[in-house]
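Residue numbers (the UniProt record's numbering): 1 to 534. Idealized CB from N, CA, C, for every residue including glycine.
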Amino acid sequence: MERLSSTTIIPEAFQGARDDIAGRIALVWDQAKAPLIVPVLRLLVFVCLAMSVMLFIEKVYMGIVITFVKLFRKRPEKRYNWEPMKDDVELGNSAYPMVLVQIPMYNEKEVYQLSIGAACGLSWPSDRIIIQVLDDSTDPSIKNLVEVECQRWASKGINIKYEIRDNRNGYKAGALKEGMKHSYVKQCDYVAIFDADFQPEPDYLWRTIPFLAHNPQIGLVQARWKFVNSDDCLMTRMQEMSLDYHFTVEQEVGSTAYAFFGFNGTAGVWRLSALNEAGGWKDRTTVEDMDLAVRASLKGWKFVYLSDLKVKSELPSTFKAYRYQQHRWSCGPANLFKKMAMEIIRNKKVSPLKKFHVLYSFFFVRKIIAHIVTFVFYCVVLPATVLAPEVEVPKWGAVYIPSIITLLNAVGTPRSFHLLIFWILFENVMSLHRTKATFIGLLEAGRVNEWIVTDKLGDALKTKAGTKSFKKPRFRIGERLHLLELTVGAYLFFCGCYDLSFGKNRYFIYLFLQSFAFFIAGVGYVGTFVPNAQ
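As structure tokens, this is what we get:
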């Protein structure tokens, strides 16, 4: 009996200690909640609601403009002078402008043949076009493959130049800038740029060059991206939904209302005089394309977006590649906004309305507010109100505004409307990285100029998946587990459990779903996996 009683004392002691610790934590929480946590949380709710309203107004405005564009069919061909390029018996091919086609690439083993082949297949007088392959590859075997491919096309009579340099200074911007220094570029009027995974149709130049040839005020013609691998996995479908909205609404509205939008870095044709007047390529941020577009716009140049001209491209289908891409796409604009805000304000060549559009709508709301409010409000502040019921979030801010914004975003990809819930959860997960990258850009912190080329798979996935045997995938735990996602997932799950047990907000359904989305991303179970063939 004495032995039994002594063994029961230990668990009772542990239980008492645990209850004591829990009681102390609850006491500290209660004492800090009223004077500190509740006021801070109320302030954050107010700020987040203000940002939500700003984003809501921007989305509704763009929805109204795009509806007007579609109803009244305000196509670019009607707003600008456009007529097909015609032969001149006397001048012959010299009547056609000289076009330079640049293809920057870096270790693009899977896609280099696709882009070079598509560029060499462009329909244009053969003596009025130069294909320039800018190869920054560091892998000697890949560099040799690209050079051989260029030689193969050169043997067919294509005017193709294979250019390399001794370093990768400036990354893509540095390569494009170096490519412009060659003597043969001076004879060119326009430059078309295609990333290594882009495949323009043969009539691409016939549909874009007339805008530049007949409208001297136009500096850029941008085509839309078409995704060849959008059905690879659920992650690529989510990307398609986000980018389709960008191309269907944001680019169209900017082109129609302000003759300005962000150059997408590829699938566009620049007037060389506009590019040079703007100061050429600069590598001060990771968004050299947007940097050039803003500077050219401040010089008074107009841009045209062609929504019906689509260029095939590839979406990143691995989670690692997509995270790196989104870091660059979020950090770069924030950093550029910081560097150029005063320059835009002081500019005297463009109207106050256009400056307001560039500063407020283009940069502040879409590139900064949109990222921050998505993560801070829906993944941090809103869940925290479960723990502090004294802080109330109005239903219009917690439900109505985000629902309308989500529906407006979905118009770009009607075929994926049934995936809307998955898209919301996935976008909230990615908002973690976008928000972090945005603050890095604004504060010019450690990874502000980090440039990691997005991996392209081409047909590698289909080829390797078709092999009968492949090596068992090997990965390090650190490469597969993502602690930030797991931490946020645990926080949301805790808030969901608390709301289910003690709360009155009934946010627990959303909190559980969102926490599972973070957990899935946290263990790397997102995107595709490319097996290593034996």
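Checklist entry - Which word fits A465, buried or exposed, when buried means at least 16 other C-beta atoms lie within 10 angstroms of its C-beta? => result Confidence at A465 is low in this model, with a pLDDT of 49, below 50, so the placement of that residue should be treated as unreliable; the coordinate-derived value is given next. Exposed: under 16 other Cβ atoms inside 10 Å.
Checklist entry - What is the rounded straight-line gap between the Cα of I421 and the Cα of D136? => result 41 Å
Checklist entry - Which partner residues of V101 appear in the DSSP bridge assignment? => result I131 and A192
Item to check | Reduced DSSP category for V45 - H, G, I as helix; E, B as strand; rest coil | outcome: helix
Item to check | Reference S307; option with closest CA among A50, P76, F319 and A370 | outcome: Residue P76 is the option with its Cα nearest to S307.
Item to check | Terminal residues of the beta strand (DSSP E) in which S307 lies | outcome: K302 to S313
Checklist entry - Just checking my contact of F426 with A517 at CB under 8 Å: how many whole Å lie between their CB atoms? => result Cβ-Cβ separation between F426 and A517: approximately 7 Å, consistent with a contact (criterion under 8 Å).
Checklist entry - Leaving out the 5 sequence neighbours to the left and right, which residues in its chain are closer than 6 Å to residue 543 when beta-carbon positions are compared? => result In the structure as shown, the chain begins at 1 and stops at 534. Residue 543 is therefore absent and cannot be evaluated.
Checklist entry - What does DSSP give as the partner residues of L220 in its beta bridges? => result W270 and F303
Item to check | Candidates A213, S297, H327 and P200: closest to T266 by CA position | outcome: P200
Checklist entry - Under a three-way DSSP split, which group does K355 fall into? => result helix
Item to check | Contacts around W153, its chain only, beta-carbon distance under 6 Å, and the 5 residues preceding and following it disregarded | outcome: C120 and I160
Checklist entry - Do you know how far the Cα of I193 is from the Cα of I100? => result The sequence shown places Leu at residue 100, not Ile. Their backbone Cα atoms lie some 8 Å apart in a straight line.
Next on the checklist: Could you check whether L298 and Q239 sit closer than 7 Å to each other, using their CB atoms as the reference points?
Outcome noted: The answer is no: Cβ separation not under 7 Å.
Item to check | alpha helix (DSSP H) segment containing E77, residue limits | outcome: P76 to R79
Next on the checklist: Since V411 and V38 should fall inside the 8 Å C-beta cutoff, what is the C-beta to C-beta distance between them, to a whole number of angstroms?
Outcome noted: Not quite, the Cβ-Cβ distance comes to about 39 Å (not below 8 Å), so this is no contact.
Item to check | Option in A521, K78, I345 and V393 with minimal Cα separation from R42 | outcome: Distances from the alpha-carbon of R42 to those of A521, K78, I345 and V393 put V393 closest.
Item to check | C-beta atoms of V253 and I369 nearer than 7 Å | outcome: Taking 7 Å as the Cβ cut-off, V253 and I369 do not qualify as a contacting pair.
Item to check | Short Cβ contact (7 Å threshold) for A257 with F303 | outcome: no
Next on the checklist: With H, G and I counted as helix, E and B as strand and the rest as coil, what does DSSP make of C201?
Outcome noted: According to the sequence displayed, residue 201 carries Glu and not Cys. Here E201 sits in coil by DSSP.
Next on the checklist: I need the boundaries of the beta strand (DSSP E) containing I369, first residue and last residue.
Outcome noted: No beta strand (DSSP E) contains I369, which DSSP labels as neither H nor E.
Next on the checklist: Please report the straight-line C-alpha distance between residue 537 and Q222, rounded to a whole angstrom.
Outcome noted: Given that the chain is displayed from residue 1 to residue 534, the structure contains no residue 537 and the question cannot be resolved.
Checklist entry - How do the segment 444–459 and the segment 328–338 stand: do at least 3 beta-carbon pairs fall below 8 Å, yes or no? => result yes
Checklist entry - Between M85, L457 and D139, which lies nearest to Y204 when the distance is taken from Cα to Cα? => result Residue M85 is the option with its Cα nearest to Y204.
Item to check | Secondary structure of F519, DSSP reduced to three states | outcome: helix
Next on the checklist: Can you tell me whether Y162 is helix, strand or coil according to DSSP?
Outcome noted: strand
Next on the checklist: Once the 5 residues before and after V373 are set aside, which same chain residues still bring their CB inside 8 Å of it?
Outcome noted: C48, M51, S52 and L55
Checklist entry - What whole-angstrom Cβ distance do Y96 and R73 have, given they're in contact under 8 Å? => result About 30 Å separates the Cβ atoms of Y96 and R73, ruling out a contact at the 8 Å cut-off.
Checklist entry - My guess is that W301 and H214 are in contact by the Cβ rule of under 8 Å, so how many angstroms apart are they, rounded? => result Actually they are not in contact, since the Cβ atoms of W301 and H214 sit about 15 Å apart, beyond 8 Å.
Next on the checklist: Quick check on the DSSP output: the alpha helix (DSSP H) that includes C150 runs from which residue to which?
Outcome noted: P140 to A154
Checklist entry - If Q113 and E149 are in contact, beta carbons under 8 Å, what's the gap, nearest whole angstrom? => result The Cβ separation is near 6 Å, so the contact holds.
Checklist entry - With 16 other CB atoms within 10 Å as the buried threshold, where does F363 fall? => result buried
Next on the checklist: Please report the distance separating the alpha-carbon of I404 from that of Y61.
Outcome noted: 13 Å
Item to check | Burial state of K181 (16 or more Cβ within 10 Å) | outcome: exposed
Item to check | Unbroken alpha helix (DSSP H) run spanning Y112, endpoints | outcome: Y112 to C120 is the span of the alpha helix (DSSP H), which, as asked, contains Y112.
Next on the checklist: Measuring straight from C-alpha to C-alpha, what distance separates C497 and R207?
Outcome noted: Between C497 and R207, the C-alpha separation is close to 57 Å.
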